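Reviewing the structure listed below.
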Amino acid sequence: MVEHIVVIGAGVYGAAVTASLTRRGARVTVVDAGAPGSGTSGATFSWTNSCGKQPRPYHDLNVAGMQAHRQLAAEVPHSDWYHEGGNLEWAADDAEHEELRKKVAGVLDYGYEARWLSRAEALHLEPDIDPAGLPADGIAYFPREGWIEPTRLIGHLLSSAVSHGAELVHDDPVTGLDSTAGLVRTVRLASGRQLSADAVVNCAGPQAARIAEFAGLVLPMRNTRGVLIHTSPVAVSVSRVIHAPHVHLRPDGAGRLLLHSPETDGAAYVSDTGDISVEPSAVTRVLEAGRALYPGLRAATVESVRVGERPIPSDGLPVLGRAVELPNFHFAVSHSGATLSLHAGDLVAAEALGEDRVEALAAFRFERL
Ligand SMILES: Cc1cc2nc3c(=O)[nH]c(=O)nc-3n(C[C@H](O)[C@H](O)[C@H](O)COP(=O)(O)OP(=O)(O)OC[C@H]3O[C@@H](n4cnc5c(N)ncnc54)[C@H](O)[C@@H]3O)c2cc1C
């Protein structure tokens, strides 16, 4: 019988799994090496979407993830961590436009909401964009997409779990797992504390392979870094996620904007001291691209630059659910965790409590790797 479950990691996945387990009546201890939300979930673009995600089961899982956010936000008063403002995207040239056209056709075929806007229609939604920065037409609009504030969501999920009896252990890394007779029995912490466990859920994000190794399992990962630029508060109207050719941006609370460009993700490097730094010229380039699009951004300065590490299993798809070889050890690891974690975490929690193998997780099993 599953009495006590240890969840390793308190990012969006760990918080979602903990909240779901607690709701289902389990006794849960969630352990983080640092502070909750201090991993990738604290350095993410956190766009909720299923835009061009393949194959079909992965698309469907993301759509269900978007719906889970919508539902939680409708249930919880003042849940203003969730922003469903839509997403605008357009291309730099004909080749890119052809890719975008195929993506829109593909998602429409799946029954996902998308439509094409003219420049005038896009300006109606985003009046502070410089019209010269937009094509005359061919602007894709995905109205049900949005973004979340992951740290605030994690705060809500953990606080409701703790108020229902969960224990939160922070700043105490897991240093080992002890198994006997094909089951994990104990979780060892750096402080010397040992937690006996009837089940363990690995929600360690980019460090998930290390935790799997403690359990004697090999989880192949191909993590990548991304650079996120947070501006100072600025009086510019940006109401949704924007994917322009050289800059992606979205609101970031209290008038701040969050800027990202895949073109500058490679500008993060490990310095001599072992810290991760970002080439300043790359930050300036992204900010200039943002200013070219929204001239009002000229008044903004860079408040912080963060580097996040995307937890990406080797084939790019999530690893979710029970490990066949070690049936009380469970995974909740993926990229796109901002979109997926509420829904996928709930499915993983159900399995951790002994439910039969959940059909929706069939395409995401550890064993396929
Ligand atoms: C640049 C960038 C952009 C992104 N954009 C999007 C996006 O637009 N949309 C989207 O859906 N997703 C996006 N993602 C991905 C998404 O942010 C992640 O999938 C998600 O945050 C992962 O959450 P997590 O809980 O798995 O990991 P984390 O948030 O990293 O949490 C893992 C936790 O485990 C803890 N931990 C690690 N090792 C140990 C240990 N030994 N003992 C105890 N605790 C441990 C860590 O301290 C950490 O708090 C992006 C990511 C990046 C980096």
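Numbered continuously in my numbering, the sequence shown closes out at residue 383.
Here a beta-carbon is modelled for each residue, glycine too, at the ideal position from N, C-alpha and C.
Since the model is a prediction, treat every value here as computed from it, not as a measurement.
Here the distance from the Cβ of V347 to the nearest heavy atom of ligand 1 is below 7 Å. Within its own chain, the residues whose Cβ lies closer than 6 Å to the Cβ of G53, once the five positions on either side in sequence are excluded, are G25, G219, listed in chain order. When distances are taken from the beta-carbon of E159 to the heavy atoms of ligand 1, even the shortest one reaches 7 Å or more. In the structure shown, H111 falls within a helical segment according to DSSP collapsed to helix, strand and coil. If you look at N63, you'll find it isn't in any alpha helix (DSSP H); DSSP assigns it neither H nor E. Taking 8 Å as the upper bound for CB-CB distance, G351 and Y27 are in contact here, some 6 Å apart.
For a cut-off of 8 Å, the C-beta gap from V261 to L273 is around 6 Å, short enough to register as a contact.
Taking 7 Å as the cut-off, one finds no heavy atom of ligand 1 near enough to the beta carbon of S193. In the displayed model, P71 falls within a helix according to three-state DSSP.
Residue environment: D212 is assigned as buried (16 or more neighbouring CB atoms within 10 Å of its CB, all protein chains considered).
Straight-line measurement puts the Cα of S173 at about 32 Å from the Cα of K67.
One Cα belongs to D144, the other to S64, and the distance between them is close to 28 Å. Remark: fewer than three beta-carbon pairs, one from each stretch, lie closer than 8 Å, so the region 80-100 and the region 183-191 are not flagged as touching. Residue side-chain check: V26 places its Cβ nearer than 7 Å to a non-hydrogen atom of ligand 1. Per DSSP, the continuous beta strand (DSSP E) segment holding H274 begins and ends at 271-274. Straight through space, the alpha carbons of E277 and R264 are spaced by roughly 17 Å.
By the Cβ neighbour-count rule, Q208 is exposed, with fewer than 16 other Cβ atoms within 10 Å of its own. When DSSP reads this structure, V201 sits in a beta bridge with L191, L209. By the CB criterion at 8 Å, R270 and E317 fall inside the cutoff. Here the region 36-53 makes no contact with the region 69-78; the two share fewer than three CB pairs at distances below 8 Å. Here V215 carries a strand assignment [DSSP, helix/strand/coil]. When C-beta atoms of the region 197-205 are compared with those of the region 152-165, fewer than three pairs fall below 8 Å, so the two segments do not count as touching. Under DSSP, F378 forms no beta bridge with any residue. Taking the CA atoms as reference points, N101 sits about 27 Å from L361. For I153, the enclosing beta strand (DSSP E) covers residues 153-156. Relative to the non-hydrogen atoms of ligand 1, the Cβ of S34 never comes closer than 7 Å to any of them.
By the C-beta criterion, the region 228-247 is judged not to be in contact with the region 27-40, since fewer than 3 inter-stretch pairs fall below 8 Å. S291 carries a strand assignment under DSSP once its states are collapsed to helix, strand and coil.
Note: N101 is bridge-paired with F156, V255 in the DSSP secondary-structure output. In the structure shown, P265 falls within a strand segment according to DSSP collapsed to helix, strand and coil. Here V297 is actually not in contact with V321; their C-beta atoms are around 11 Å apart, not less than 8 Å. Judged by DSSP in its simplified three-state form, S318 adopts strand.
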